[in-house]
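A short worksheet on the structure shown next.
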Amino acid sequence: MDMQGNTVNVKIYNQTYSIRAGDGNVERTQQLAELVDQRMREIAQGALTADSLKVAILAALHIADELDKANSNFEELNRALSLRSAECAELLDQLLKSNM
Numbered sequence: 123m124d125m126q127g128n129t130v131n132v133k134i135y136n137q138t139y140s141i142r143a144g145d146g147n148v149e150r151t152q153q154l155a156e157l158v159d160q161r162m163r164e165i166a167q168g169a170l171t172a173d174s175l176k177v178a179i180l181a182a183l184h185i186a187d188e189l190d191k192a193n194s195n196f197e198e199l200n201r202a203l204s205l206r207s208a209e210c211a212e213l214l215d216q217l218l219k220s221n222m
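Just so we're on the same page, the numbering used here is the position in the sequence shown counted from 1, plus 122.
Laid out in structure tokens, this is it:
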């Protein structure tokens, strides 16, 4: 591991890759590589193909689906929080006006 350039060697689906940690967080890059490796292995067990490119594409689709669902959940929670925050602000305004 090259700490100067934040480059780390990771193994994904029996292939070694030298990857630069874009955010400087080498541990996070290693964890992400482990996640991809794990997902590819899970898919390969149930897939009808041993083609690593096809397995990688299926893994990418699964991870993209999870990301999309997480983003949707985040947006929904953010909307609910904004609504609740506005309700609380309105109640606080009413309380302050009634005590004047």
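Virtual Cβ for every residue (Gly too), placed ideally from N, Cα, C.
Residues near residue i in its chain [Cβ-Cβ closer than 6 Å; skip 5 each side]
i	result
A166	V177
A155	V132 and I134
T138	N131
Spatial neighbours of residue i in its chain, beta-carbon cut-off 7 Å, leaving aside the 5 residues before and after
i	result
N128	R142, A143, G146 and V148
S174	Y135
S140	T129 and N131
Which of helix, strand or coil DSSP assigns to residue i
i	result
T171	coil
N195	helix
N200	helix
Near the ligand GTP: residue i beta-carbon under 7 Å from a heavy atom
i	result
V132	Within the structure as shown, the ligand GTP is missing, as the structure has no ligands at all.
CB contact flag (residue i, residue j, <8 Å)
i	j	result
I185	R161	yes
A192	V158	no
Span of the beta strand (DSSP E), counted from its first residue to its last, around residue i
i	result
D131	For clarity, residue 131 is Asn in the given sequence; the question names Asp instead. Here the beta strand (DSSP E) through N131 covers T129 to I134.
Same chain only: Cβ atoms within 8 Å of residue i, ignoring 5 sequence neighbours per side
i	result
Q152	V130 and V132
R163	Y135
E212	none
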